[in-house]
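First to last, the protein sequences are chains B and F. In terms of my numbering, the first sequence opens at residue 75 and continues consecutively. In terms of my numbering, the second sequence opens at residue -4 and continues consecutively. Ideal placement from N, C-alpha and C gives every residue a C-beta, glycine not left out. Values in this document were obtained by computation on a predicted structure and should not be read as measured data. Here's the structure we're looking at; comments come further down.
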Amino acid sequence: MDTDSAPLHRKILASVLVLALILLLAGVLALGTGPAGSMWDRFWEVIFHRGSLDPMESAIIWQIRLPRVVLAAVAGSTLALGGLVFQALLRNPLAEPYILGISGGSAVGAILGMFAGLAAFPGVSATAFAGSMITLGLVLILAGGRSPLRRDSLILGGVMMNAFFGAVIMFLISLSQDAQMRHVLFWLMGDLSMISPEQTPVLLAVVPCMAGIFLLARPMNLLLLGRDTAASMGVNVRLVSFVLLVLTSFMVSVVVSQSGLIGFVGLAVPHIFRLLLGPDHRLLIPACLLGGAAYLILCDLAARTLPQEGEMPVGVVTALVGAPLFIFLLWRSRR
Amino acid sequence: MNAVAVQNVHLRYGEQKVLRGISCTISKGEFFAVIGPNGAGKTSLLRLMAGLISPSSGSVEIMGRPLKSYSRRDYARRVATVPQEVPFELPFRVGETVLLGRSPHLGLWEMEGNRDLELAGQAMQVMEVEHLSARRLDQLSGGERQRVFIARAICQEPDLLLLDEPTASLDPAHQVKIMDLMDRLRREKGITVVMVSHELNLVAMYAGRLLLLHSGIQAGLGPPQEVLTKELLEKSYGCRLQVDENPLGRVPRMMPVPEKYSDIWESAFKIPGPDR
């Protein structure tokens, strides 16, 4: 996609088309493949004539695989977009969706929910979500005061939150029994297998957040120039920062409450597209949405099909595949 | 009509009084410089004019309208600011950076059209950076970088251009180049230029009028001959200064007197009587 001289709208169109195609292929591949065997010979019949076939096969695709593919797609695009926003907002290349303490807060919430013997949904999801919202509130108060939303105090506040919650998590794990332990560990590494069909509507909550962030692509470009320059170019820096922070934290919390802490997607996917497409957020936002979704669908496919027995947490695959890919692109761009 | 009218402006940060009773007007098309020692409030005054902070009391009018009456976007269409510090690690290319100057004129997702590209090209031409268009910002020298950021501001099509120490950390050749370009911009496009600077000799040759600040107080306002006097400058900067006439023109020339030359200076140059 080396089209430096092409006008922006053509670059956007081209990248969206290519990535949408990749996402579609990834989705179809993930629906058709699984431990129950691939059913490619009858796949299209199952897709287009539901019910008229073996109810078992139909159920596997519609009740088990589809919700999972949808969750992977939504989680992938939310985390990638979340990382993109925080990297721009905090002007820090190491920023990722969890940097402000969402991971720690939701993990403590989730583990407490599990200890209380709540069901995965809605019980543990709700406690996880509550945990991250409480953290967001605390970070906003910490970073607030006289000059709200300074990026240094935001980052420090988030890091302190995560350090504190990290200690709480370790303490809780030390109290847990073996059966719970595995549950907790899978949640901490990110696990897409918990989803059920009745859960999927919850994911719709991320859509308005994504739409809001999408609209703020140009102010995000200007924020890269620094607060003063952005303000002198007509950006309401305080309002835009606050809106971006809240929308992003909210949608990431929704995803985390359903999938646990899937790492690396939010850190690497924005960087990968920045290397491929350049710094303009009008290109990067759609690319992260589509590319993040495709990436996590494929990682989850690997996580549930590669092991001979059972499955790996998807968070293992995201970094195992993604880190080398990222290093390769970085090496190529520096040559 | 004045480009800028500052009326009895005070600015406080908590207990600290940063500006105390500043009043000045700047005409359209004027080259105006704000000088003074570090911490005198120069940057704060510029930030007030840029609409980045509001005064604790007093009023700021821009183009005959109170600053408060502008919306952010409206204001950005008439006033462009080149701040002192821009993040060093910027991922943009030169052409992209200059084109960002069109943002206040475009809707949230409106794409830059041919006219915007044309204006960006013109701005790059004026600042003599068009040959760098495809280069990344982190590959530029300090002088080139500064010219790119000024081109970005020009691309905003401002009536008023505010610059905070645009020649800081540049070599003499690049300093003069920036000043020449600012002067040409003022003459050819009628843009009002307001500049904060420590380069007294340089601004003496370009600015029509200067404002001298000293601990937030207005210590002098007027043409270089009136403001850049030995008496005023030594009082404000708190150091010994040698002030004479610039052989290039009828403007003052300043030189701080180092300790090791103070004996020579006292015997040879310190002439009693009116200073100049």
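Neighbours of residue 83 (chain B) in chain F, taken as residues whose beta carbon is under 9 Å from its own, are 106 in chain order.
For the segment 267 to 299 of chain B, the set of positions with a beta-carbon nearer than 9 Å to some beta-carbon of chain F reads 288, 289, 290, 291, 292, 293, 295, 296, 298, 299 in chain order.
With a cutoff of 8 Å on beta-carbon distance, residue 387 (chain B) and residue 240 (chain B) are scored as not near each other. Following the DSSP letters along the chain, one finds residue 120 (chain F) inside the alpha helix (DSSP H) bounded by residues 109 to 121. Here residue 130 (chain F) has 88, 89 as same chain residues with Cβ atoms under 8 Å from its own Cβ, once five neighbours each way along the sequence are excluded. At a C-beta separation below 8 Å, residue 151 (chain F) has these neighbours in chain B: 307. With a 10 Å radius around the Cβ and a threshold of 16 neighbouring Cβ atoms, residue 369 (chain B) comes out buried. Residue state for residue 196 (chain F) is assigned as helix, using DSSP reduced to three classes. With a threshold of 16 other beta carbon atoms within 10 Å, residue 219 (chain F) meets it and is buried. In this structure, DSSP gives residue 209 (chain B) a helical state, which the three-state scheme calls helix.
Taking C-beta atoms as the reference points, residue 89 (chain B) and residue 351 (chain B) count as a pair closer than 8 Å.
The contact set of residue 81 (chain F) on chain B, defined by CB atoms closer than 8 Å, consists of 299, 300, 303 in chain order. Residue 256 (chain F) and residue 141 (chain F) have their C-alpha atoms spaced approximately 35 Å apart. Contact residues of the segment 62 to 76 of chain F toward chain B are 66, 67, 68, 69, 70, 71, 72, 74, 75, 76 (C-beta to C-beta distance below 9 Å). Secondary structure remark: continuous beta strand (DSSP E) runs of at least 3 residues inside the segment 183 to 245 of chain F, in chain order: 187 to 191, 204 to 209, 212 to 217, 236 to 240. Runs of the alpha helix (DSSP H) lying entirely within the segment 9 to 94 of chain F and spanning at least 4 residues, in chain order: 37 to 44, 67 to 73, 89 to 94. Burial state of residue 302 (chain B) is buried, judged by a 10 Å Cβ sphere holding 16 or more other Cβ atoms.
Beta-bridge annotation (DSSP): residue -3 (chain F) is paired with F:22. Residue burial is scored here from C-beta neighbours: residue 146 (chain F) has at least 16 other C-beta atoms within 10 angstroms and is therefore classed as buried. Boundaries of the alpha helix (DSSP H) around residue 140 (chain F): 137 to 150. Between residue 391 (chain B) and residue 367 (chain B), the gap from beta carbon to beta carbon reaches 8 Å or more. Listed along the chain, the chain B residues whose CB falls inside 7 Å of the CB of residue 87 (chain F) are 353.
Excluding its 5 nearest sequence neighbours in each direction, residue 135 (chain F) has no C-beta neighbour in its own chain below 6 Å.
Taking a cut-off of 8 Å on C-beta distances, the segment 40 to 52 of chain F does not touch the segment 271 to 278 of chain B, as fewer than three cross pairs fall below it. Residue 79 (chain F) is classed as exposed because its beta carbon has fewer than 16 other beta carbons within 10 Å across all chains shown. Boundaries of the beta strand (DSSP E) harbouring residue 249 (chain F): 247 to 251, taken from the DSSP string. Residues of chain F whose Cβ lies closer than 9 Å to the Cβ of residue 165 (chain B) are, in chain order, 82, 84.
Beyond the five residues adjoining it in sequence on each side, residue 291 (chain B) comes within less than 6 Å, by CB distance, of 355, 356, 359 in the same chain, given in chain order.
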